[in-house]
Amino acid sequence: MADRKPLYLMSPALAWLTAFMVVPCLLVLALAFFRRGIYGGIEYTFTFETIALVFDPLYASIFLKSAVIAGLAGLIASVIGYAAAYAIASMPARHQPMLLFFAVLPFWSNYLVRTYAWIVLLNREGLITAIARGLGYDGELPRLLYTESAVVVGLVYNYLPFVILACYAPLSRLNPEIAEASRDLGGSAWTTFRRITLPMTAPGIATGFVFVFVLSIGNFVTPALLGGGQFQMIGNLVYAQFLTANDWPFGAALSMVLIAIMMGLLTLQTFVTERASGARARET
Amino acid sequence: MSDVLLSIRNVQKFYGRLAAVGGVSLDIRDNEFFALLGASGSGKTTLLRMLAGFETPTSGAILLDGQDVSAVPPNHRPVNLMFQSYALFPHMTVAQNIAYGLEMDRMPRSEIRTRVDEMLEVIQLSHLSGRKPEQLSGGQRQRVALARALVKRPRVLLLDEPLGALDKKLRGEMQLELKRIQDEFGITFIVVTHDQEEALVMADRVAILKDGLLLQCGTPHEIYEHPESRFAADFIGVMNFLPVRVQGGRLVAENGNVFKGALPNGLGEGDEAVVAVRPERLRLGASDGDNSLTGRVAATAYHGLDLQLHLDTPNSPGPVLVRLTADAAEGRVYREGEEVTVGWSARDTRVFPA
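Protein chains in written order, with this note's numbering: chain V, 1 to 284; chain D, 1001 to 1354.
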């Protein structure tokens, strides 16, 4: 009887997720096995053609490019975020909650507003250009806005707090005597970081990276605003299929492949961190 | 002086205006098993961390083989520390943990393997070399931590509360084990502990620290039998304290009882003092010694090896503890309220300022 209780408590959440997540996903999945009608709309004949189209070199290359941009954003965010988390975790314990609060503060403002702010910064007449001019540089300045780099910068900026939080957790839990033990046994500060601190906190980096990657690869707002329609990521492609090309089956097929990639990564990440944190829990 | 390995010279450590260690001088000999004994806040851990190199003295010097090492970082000192938490590397196996320090010395791989295998045999964990720390018991982790620090054959091995996390039975075994290993390796051991019994059992010499200062340093026998301060007398073992006043060069209790004992310097006519005597030095009957007191049995405690009597007496605010060996007690039953007189010799009497 006792082990039924959690089920009762979970049922509202399960019902909610089933109605508004599982069922819609299944509907989208079903859509992917039909084809677009001649005049738009959906032609309800079962086919694998739509899904096969996703693997057409044209679309596969967009997937690849999206993955590269998301990977780059994840990588840069991981490095910056880990360094920030490391610094916060090294501060006196009483200051740490406040610093974390500041790190997460941008989250509390609207995503669009934050992304628009970057347009102001990266614009041809924007702040960065003004600073360069102010410093006396009057040569040709490279284009900043509407480039792939701008998209990466925007993604890194928006998702950095995730990485900081994900890395802070294992860093703050580290027993400082473990790093001291490495120093005591002859390890330099760098060796200690490389062989002790980094491996012990790697699950946090993996979690942060996967978060940024998953959120970035499907993102369509940032590429639209900071990429200026110069290139497409998967999110933009899906958006276009549903809202402009009126090809819902193909949009659904793209979505499904995207979801499959994300699920695969999240499962892998959960499995890896589960193993590492499980080990730590038993050790203490 | 030639056999002094580690010389601590007037070392002070301030945190802000707070003195954690307030001027300690100690000479520790080569191949000695030395114990730093003190309660929490006594400065013993700070002193140990300065010896390991994790803290730098505010003033004073730490000399190892005559060389000042006060400012040498921990990774360049021939000193290793066994941490209280063991601080094993959780992502490495037992063998990798032990090998780590040797890898830092860039020792050839084959030699590392030999040394690690040797060490695993010393701690009798060869069969668990591939395990991760999380898969070991508390006692096994303690051995791995010891092996990891010892495998580098440091000049000095520091041990921070090495047996603190073990249960009582295992602690007894490990006390002897540590002594055996220290003897086998011929390395100077410095143990930090708050457990006076542990210090007495293991160490060749014990230093008692209090409030960042060195109170007394000597062999376990010296500090047990000849404590130089009331604190040391109280801290080590069990001690009865009887308040007295110095009158005409004699030690007189409030009820007129007079005790004999050597007066320490600094005690003058009219000063308040305490007479201290160990429970096992008290004998039944007044005739057996220079001093005596009479009290009523408040409680008895039978320990097999000995019988302990708690005596309520006008000579002491708390009960006086008497420890009779099984032979001295002769199977006699002491009832509560019964009047008992005990005596002891002036030789076994210590006198301290109150």
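For every residue, glycine included, the Cβ atom is placed at its ideal position computed from N, Cα and C. Note that this is a predicted model, so its numbers are computed, not measured.
(Q) Please report the straight-line C-alpha distance between Q1182(D) and F1189(D), rounded to a whole angstrom. (A) Computed Cα separation, rounded: 7 Å.
Q. Between which two residues does the beta strand (DSSP E) containing A1020(D) stretch?
A. The continuous beta strand (DSSP E) containing A1020(D) extends over residues 1018 to 1029.
Q | 3-residue-minimum beta strand (DSSP E) runs that sit fully inside the segment 48 to 103 of chain V, ordered along the chain | A | The segment 48 to 103 of chain V contains no whole beta strand (DSSP E) run of 3 or more residues.
Q. By a C-beta neighbour count over all protein chains shown, 10 Å radius and 16 as the cutoff for buried, is C167(V) buried or exposed?
A. When all chains shown are included, C167(V) counts as buried.
Q.
Using beta carbons (cut-off 8 Å, strictly below), is F992(D) in contact with chain V?
A. Chain D is shown only over 1001 to 1354; residue 992(D) falls outside these bounds and no answer can be derived.
Q. In chain D, which residues lie with their C-beta within 7 Å of the C-beta of I196(V)?
A. In chain order: F1089.
Q.
Cβ closer than 9 Å: which chain V residues qualify as neighbours of K1152(D)?
A. Under the 9 Å cutoff, chain V gives L185, G186.
Q: Just the C-alpha distance for G218(V) and V68(V), rounded to the nearest angstrom, thanks.
A: For G218(V) and V68(V), the distance between alpha carbons rounds to 12 Å.
Q: Ignore the nearest five residues each way along the sequence and tell me which others in V1205(D)'s own chain have a CB closer than 6 Å to its CB.
A: With the sequence shown as reference, residue 1205(D) is identified as Arg, and Val is not the correct amino acid for it. Excluding positions up to five away in sequence, the list reads F1034, T1219.
**Q.** Per-residue burial, K1013(D) [other beta carbons within 10 Å of its own, 16 or more giving buried]
**A.** Per the 10 Å Cβ criterion, buried.
Q: Please work out which residues of its chain come closer than 8 Å, Cβ to Cβ, to E1032(D), disregarding the five sequence neighbours upstream and downstream, and give them in chain order.
A: For E1032(D), same chain residues with a beta-carbon under 8 Å away, outside a window of 5 residues either side, are L1005, T1188, F1189, D1204, R1205 in chain order.
(Q) Report the CB separation of N1010(D) from G1060(D) in whole angstroms; it is logged as a contact under 8 Å. (A) Going by Cβ atoms, the distance from N1010(D) to G1060(D) rounds to 4 Å, so yes, they are a contact pair.
Q: In angstroms with no decimal places, state the Cα-to-Cα distance between D1348(D) and F1185(D).
A: Here the alpha carbon of D1348(D) sits roughly 38 Å from the alpha carbon of F1185(D).
Q: Measure from the alpha carbon of T1046(D) to the alpha carbon of each residue in L1305(D), I1098(D), A1329(D), L1209(D), then state which is nearest.
A: The closest CA to that of T1046(D), considering only L1305(D), I1098(D), A1329(D), L1209(D), is found on L1209(D).
Q. Taking just the CA atoms, how far does R1283(D) sit from L1120(D)?
A. About 51 Å.
Q) Would you call the segment 1192 to 1199 of chain D and the segment 1160 to 1172 of chain D touching, i.e. three or more CB-CB distances under 8 Å? A) Touching, yes.
Q: Just the C-alpha distance for L99(V) and F162(V), rounded to the nearest angstrom, thanks.
A: Approximately 14 Å, taken between the alpha carbons.
Q. DSSP state of E1339(D), grouped into three classes?
A. Under the three-state reduction of DSSP, E1339(D) is assigned to strand.
Q) Straight-line CA distance for F220(V) to K65(V)? A) Approximately 13 Å between the Cα atoms of the pair.
**Q.** Under 7 Å (Cβ pairs) to chain D, residues found in the segment 231 to 258 of chain V
**A.** Result list empty, no residue passes.
Q) For the alpha helix (DSSP H) that contains G154(V), what are its first and last residues? A) Run containing G154(V): 148 to 173, per the alpha helix (DSSP H) assignment.
Q. Does any C-beta atom of chain V lie closer than 8 Å to the C-beta of L1125(D)?
A. Among the residues facing chain V, L1125(D) is not included, as its CB has no counterpart in that chain under 8 Å away.
(Q) Is there a Cβ of chain D sitting closer than 8 Å to that of P92(V), yes or no? (A) Cβ-Cβ to chain D under 8 Å: no for P92(V).
Q. Ends of the alpha helix (DSSP H) at R1109(D)?
A. From DSSP, the alpha helix (DSSP H) with R1109(D) extends over 1109 to 1122.
(Q) Counting C-beta neighbours from all protein chains within 10 Å, is the total for P170(V) 16 or more, i.e. buried, or is it exposed? (A) So P170(V) counts as buried.
(Q) Is there a Cβ of chain D sitting closer than 8 Å to that of E274(V), yes or no? (A) For E274(V), not one C-beta of chain D is nearer than 8 Å to its own C-beta.
Q.
Just to make sure I have the definition right: I need the residues of chain D whose C-beta is within less than 9 Å of the C-beta of G178(V). Which are they?
A. The amino acid occupying residue 178(V) in the given sequence is Ile; Gly does not appear at that position. Neighbours of I178(V) across chain D, judged by C-beta separation under 9 Å: F1083, S1085, A1087, L1088, F1089, P1090.
Q. CA-CA distance, L243(V) and Y44(V)?
A. Roughly 20 Å between the two C-alpha positions.
Q | Residue span of the alpha helix (DSSP H) that contains M1239(D), given as start and end | A | No alpha helix (DSSP H) contains M1239(D), which DSSP labels as neither H nor E.
Q | Best match in G1343(D), R1350(D), L1307(D) for proximity to E1330(D) [C-alpha to C-alpha] | A | Of the candidates G1343(D), R1350(D), L1307(D), the residue whose Cα lies closest to the Cα of E1330(D) is L1307(D).
Q: Determine whether the Cβ of F1054(D) lies closer than 8 Å to any Cβ atom of chain V.
A: Yes, F1054(D) lies at the interface with chain V (some Cβ there is under 8 Å from its Cβ).
**Q.** Residues that DSSP places opposite I1008(D) in a beta bridge
**A.** DSSP lists L1026(D), I1062(D) as the bridge partner or partners of I1008(D).
**Q.** Cα-Cα separation, A1299(D) to N1255(D)
**A.** Distance between the alpha carbons of A1299(D) and N1255(D) is about 23 Å.
Q) When burial is assigned at 16 or more other CB atoms within 10 Å of the CB, is I1236(D) buried or exposed? A) So I1236(D) counts as buried.
Q. Does any CB atom of chain D fall closer than 8 Å to the CB of A117(V)?
A. No, its Cβ sits nowhere closer than 8 Å to a Cβ of chain D.
**Q.** chain D contact residues for A291(V), given Cβ-Cβ distances below 9 Å
**A.** This structure leaves residue 291(V) out entirely; chain V is present only between 1 and 284.
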